[in-house]
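Numbering-wise (this note's numbering), the sequence shown opens with residue 6 and increments by one. From the three backbone atoms N, C-alpha and C, an ideal C-beta is built for every residue, glycine too. All values reported here derive from a predicted model rather than from experimental measurement. To keep things clear, I will list the structure first and then write my remarks on it.
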Amino acid sequence: MILWIALTVMIALAAVGLTIPLVRRYEQRPQARTVDILKGQLGEVDAQIAANLIEPAEAEALRAEIKRRILVEDREAGTVARPLPQTTMPWVALGMVGIVTLCATALYALMGHPELTSSAPGNTAPQAQAASADPKDHPMGEVASMIAGLEAKLQQNPGNAKDWQMLGWSYMRTGRPADAAKAYAKAVAIEPGNVEYLSAQGEAMVQSEGKVSDEAAAIFRRALKGDPADPRARYFLAIHRDQSGDHAGAMNDFVALIKSAPPDAPWGAQVRTYVEDLAKTQNIDLTGKLPPVAAAAPGPTSAQVAAAGNMSDAERQAMIHAMVDKLAGELKANPKDTNGWVRLMRARMVLGDNQQAAQDYKQAHAAFTGDAAAQAALQQAAKSLGVPGA
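Here it is, written out as structure tokens:
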């Protein structure tokens with residue numbers, strides 16, 4: 006009897022769940038096409054900021070206007086009419102619950118066999134655990150799934166250094182630096198001279214141990230033997246020197262690293278801020294030691310920004326390409342401008358024109374023939390931007 010009551014309650018609950026859409030208020034649907042276009046415009050604003058084509062303040066104004074228009078579109082979107090009047094819906098729902106419950110109970114009484122047990126009792130718990138552990142049920146599901154795939158792949162083929170590097174990267178992104186260090190160590194064992202693997206292994210060890218240990222410092226020194234300009238190895242070795250008590254020597258290393266940073270290097274501002282704060286805590290005067298902060302490239306006027314807000318997607322893309330082409334023309338006339346070449350390569354990469362970015366890098370490299378320092382800075386900037394062939 007208890008079983009029948011339990012089954013009846015479960016069927017009733019299932020029926021209620023199926024009828025909820027009948028009594029739930031139909032949600033308002035935004036006008037998808039218009040909202041999608043506006044959201045695409047938000048992405049284009051980010052692209053223009055990345056390409057140094059507009060100033061942050063003007064970009065924020067553009068974002069605010071686009072978001073306002075999105076809210077307007079959302080309010081104007083119509084609602085879907087109900088199939089039945091509001092007062093009728095609850096009675097329809099209750100009737101459906103009663104009919105489904107009675108029919109399902111009667112059907113099971115005729116055809117069901119509640120006395121039977123599972124034919125595979127040992128599989129119940131593992132299957133339930135597997136279902137609850139499905140990586141797609143969690144926010145990091147895709148990453149966890151990728152990690153599981155890489156681990157399985159490397160069990161079959163452990164000699165692929167690139168896969169070990171990707172596994173280490175994945176571990177770092179999921180808060181597992183100790184595992185990441187081991188994965189990078191596997192990659193280093195396969196390709197001992199790969200500076201990127203060595204530097205990444207050392208960083209993972211630092212994240213895991215909370216300091217630059219002597220073992221991590223030795224790995225960074227190996228990386229510097231392969232590439233004396235590797236910024237990550239130089240940065241952590243300077244920290245190791247500071248941890249060892251040589252504050253003045255560490256500060257000299259930091260200053261040298263900042264001076265060698267390519268124009269607009271993605272890590273330059275962060276390292277500079279860290280060094281300035283460290284100098285304050287250690288009462289070290291950096292006056293005249295750090296290079297001046299590079300001035301931001303001039304952006305469009307307020308009138309141009311306002312006009313851009315009224316453009317179509319095609320017109321806006323044409324305007325962006327025109328501005329990039331103008332910068333390319335200026336560099337053709339005056340190629341001795343490292344900052345300009347870096348801005349141009351960044352703009353090309355943001356626009357997805359990777360091959361043209363590679364051509365720009367070759368032209369920039371040729372423009373500074375005989376200037377090893379400028380060529381090294383351009384190469385480092387191109388690498389950080391992901392320019393092919395850098």
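Counting only runs of 4 or more residues that sit fully inside the segment 154-215, the alpha helix (DSSP H) segments are 166-178, 182-195 and 200-214, in chain order. In its chain, beyond the 5 residues on either side, Pro182 have a beta carbon closer than 6 Å to the beta carbon of glutamine 212. Between tyrosine 176 and alanine 166, the CB-CB gap reaches or exceeds 8 Å.
Going by C-alpha positions, tyrosine 366 is about 18 Å away from serine 265. Remark: three or more beta-carbon pairs, one from each stretch, lie closer than 8 Å, so the segment 192-205 and the segment 229-245 are flagged as touching. In this chain, glutamine 287 is not harboured by any alpha helix (DSSP H), its DSSP state being neither H nor E.
Exclusion of the five residues before and after leucine 155 leaves Asp168, Met171, Leu172 and Ser175 as the residues of its chain whose Cβ lies within less than 8 Å of its Cβ.
A Cβ-Cβ contact shorter than 8 Å links alanine 386 with proline 267.
Non-local C-beta neighbours of leucine 262 in its own chain, meaning closer than 8 Å and more than five positions away in sequence, comprise Pro236, Arg239, Tyr240, Ala243 and Val276, ordered along the chain.
Taking the Cβ atoms as the reference, alanine 372 lies roughly 18 Å from lysine 331, outside the contact range of under 8 Å. C-alpha of glycine 215 to C-alpha of glutamine 248: approximately 12 Å in a straight line. If you draw a straight line from the Cα of threonine 278 to the Cα of glutamine 161, it is about 45 Å long.
Here DSSP, grouped into helix, strand and coil, assigns valine 392 to coil. The three-state secondary structure of aspartate 232, taken from DSSP, is coil. Taking all protein chains in view, the Cβ of lysine 388 is surrounded by fewer than 16 other Cβ atoms within 10 Å, so the residue is classified as exposed. Phenylalanine 373 carries a coil assignment under DSSP once its states are collapsed to helix, strand and coil.
Between alanine 352 and glycine 394, the gap from beta carbon to beta carbon reaches 8 Å or more.
Rounded to whole angstroms, the gap between the alpha carbons of isoleucine 71 and proline 61 is 15 Å. Counting along the chain, asparagine 257 sits inside the alpha helix (DSSP H) bounded by residues 252-264. Restricting attention to Ala221, Met324 and Val260, the CA atom closest to the CA of glycine 293 is found in Val260. Comparing alpha-carbon positions, the option among His370, Asp51, Val217 and Met210 lying closest to valine 392 turns out to be His370.
Threonine 286 sits exposed, since fewer than 16 C-beta atoms from the chains shown fall within 10 Å of its C-beta. Here lysine 72 carries a helix assignment [DSSP, helix/strand/coil]. Within the same chain, no Cβ atom closer than 7 Å to the Cβ of glutamate 65 is found once the five residues on either side in sequence are excluded. In the three-state reduction of the DSSP assignment, tryptophan 346 falls in the helix class. When the beta-carbon positions are compared, alanine 381 and alanine 270 stay at least 8 Å from each other. Residue environment for leucine 390: buried (at least 16 other C-beta atoms within 10 angstroms of its C-beta).
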